[in-house]
Amino acid sequence: MLGRTEQLFVSVKHDDVETLEKLIAEGRLQLHKQGINIEIQAEAGLGKERVRPLLYAAYHGSVNAMQCLLRHGALADVSTDKNLWTPLHMASAEGHFEAVRLLIKQGVSLDPEMWNSQTPLQVALGARTKLLARTVPGA
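If you want the numbering used here, it's the position in the sequence shown, counting the first as 1, plus 351.
As structure tokens, this is what we get:
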């Protein structure tokens with residue numbers, strides 16, 4: 352049986368809002384005034400960084416899970432500690448158009464810089480996701 356953290360990230364990865372809502376309703380997630388701040392060691396694709404659920408959802412393009420997490424107080428502009436990736440950077444890099452749109456509608460900062468001074472637009476262009484890059488204002 353999966354532990355609560357594993358259940359959380361499996362449900363986020365697979366856009367399983369029903370399970371995610373159940374975990375939240377049961378009080379099994381660590382909710383803080385500052386949003387959902389659970390961090391775990393990420394699986395392949397995100398290296399060994401510690402990852403927040405919204406960032407993980409953005410990586411997978413799990414828009415329904417993102418909406419759920421945001422409804423429950425997840426912070427859309429929070430970056431990882433080491434490399435400063437935000438959910439917008441992650442969704443942009445992975446080409447998840449709907450995830451980018453959701454984050455922009457949430458009013459996230461469009462120009463946060465990661466460790467190498469790249470903005471989400473620069474990340475999108477670097478990943479050759481030109482359609483996605485055109486959706487970011489200023490492109």
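Glycine residues also receive a C-beta, built at the ideal position from the N, C-alpha and C atoms.
Could you tell me the alpha carbon to alpha carbon distance between A376 and A442, rounded to whole angstroms? As a position in the sequence shown, residue 376 is number 25, starting the count at 1. As a position in the sequence shown, residue 442 is number 91, starting the count at 1. Counting only the Cα atoms, A442 lies some 27 Å from A376.
Neighbour-count burial assignment, E445, 16 or more Cβ in a 10 Å radius: Here the question's residue 445 lines up with position 94 in the sequence shown. So E445 counts as buried.
Can you say whether R422 is buried or exposed, counting buried as having 16 or more other CB atoms within 10 angstroms of its CB? As a working mapping, residue 422 is identified with position 71 in the sequence shown. With fewer than 16 Cβ atoms within 10 Å of its Cβ, R422 is classed as exposed.
Would you mind reading off the limits of the alpha helix (DSSP H) that contains S362? What you label residue 362 is simply residue 11 of the sequence shown in a count that begins at 1. Annotation: the continuous alpha helix (DSSP H) that includes S362 extends over 355–364.
Which same chain residues end up closer than 6 Å to G396 when comparing Cβ atoms and leaving out the 5 residues on each side of it in sequence? The residue given as residue 396 occupies position 45 in the sequence shown. With a pLDDT of 43 at G396, under the threshold of 50, the modelled position of that residue is not reliable, and no figure is offered here.
Note down the Cα distance separating G477 from P463, rounded to an integer number of angstroms. Within the sequence shown, numbered from 1, the residue matching residue 477 stands at position 126. Within the sequence shown, numbered from 1, the residue matching residue 463 stands at position 112. Looking at the two C-alpha atoms, the distance is approximately 16 Å.
Taking DSSP as the reference, what is the three-state secondary structure of A450? To locate residue 450, count along the sequence shown from 1; it is residue 99. Helix, per DSSP.
Where the alpha helix (DSSP H) containing Q473 begins and where it ends: Numbered from its first residue, the sequence shown carries residue 473 at position 122. Per DSSP, the continuous alpha helix (DSSP H) segment holding Q473 begins and ends at 471–477.
Is V363 buried or exposed, if buried means 16 or more other CB atoms sit within 10 Å of its CB? Stepping through the sequence shown from its first residue, residue 363 is reached at position 12. Residue burial is scored here from C-beta neighbours: V363 has at least 16 other C-beta atoms within 10 angstroms and is therefore classed as buried.
Can you tell me which of the three DSSP states N467 falls into? As a first step, residue 467 must be located in the sequence shown, where it is residue number 116. In the displayed model, N467 falls within coil according to three-state DSSP, outside both helix and strand.
Closest by CA to Y410, which one among S430, N434, V429, P438? What you label residue 410 is simply residue 59 of the sequence shown in a count that begins at 1. Of the candidates S430, N434, V429, P438, the one whose C-alpha sits nearest the C-alpha of Y410 is P438.
Helix, strand or coil: how does DSSP classify K399 here? One-based indexing of the sequence shown puts residue 399 at position 48. Low confidence applies here, because K399 scores a pLDDT of 48, under 50, leaving its location unreliable; read the following figure in that light. Of the three classes helix, strand and coil, the one that applies to K399 here is coil, per DSSP.
Label W436 either buried or exposed according to how many other C-beta atoms from any shown protein chain fall within 10 Å of its C-beta, with 16 as the threshold for buried. Position 85 of the sequence shown, counted from the first residue, corresponds to residue 436. With 16 or more other Cβ atoms within 10 Å, it is buried.
Do you know offhand how far L426's Cα is from N467's? Taking the first residue of the sequence shown as position 1, residue 426 is located at position 75. Taking the first residue of the sequence shown as position 1, residue 467 is located at position 116. Note on geometry: alpha-carbon atoms of L426 and N467 lie some 22 Å from one another.
For a test of the three-state rule: what should DSSP assign to A442, helix, strand or coil? Working through the sequence shown from its first residue, we reach residue 442 at position 91. Residue state, collapsed to three classes: helix.
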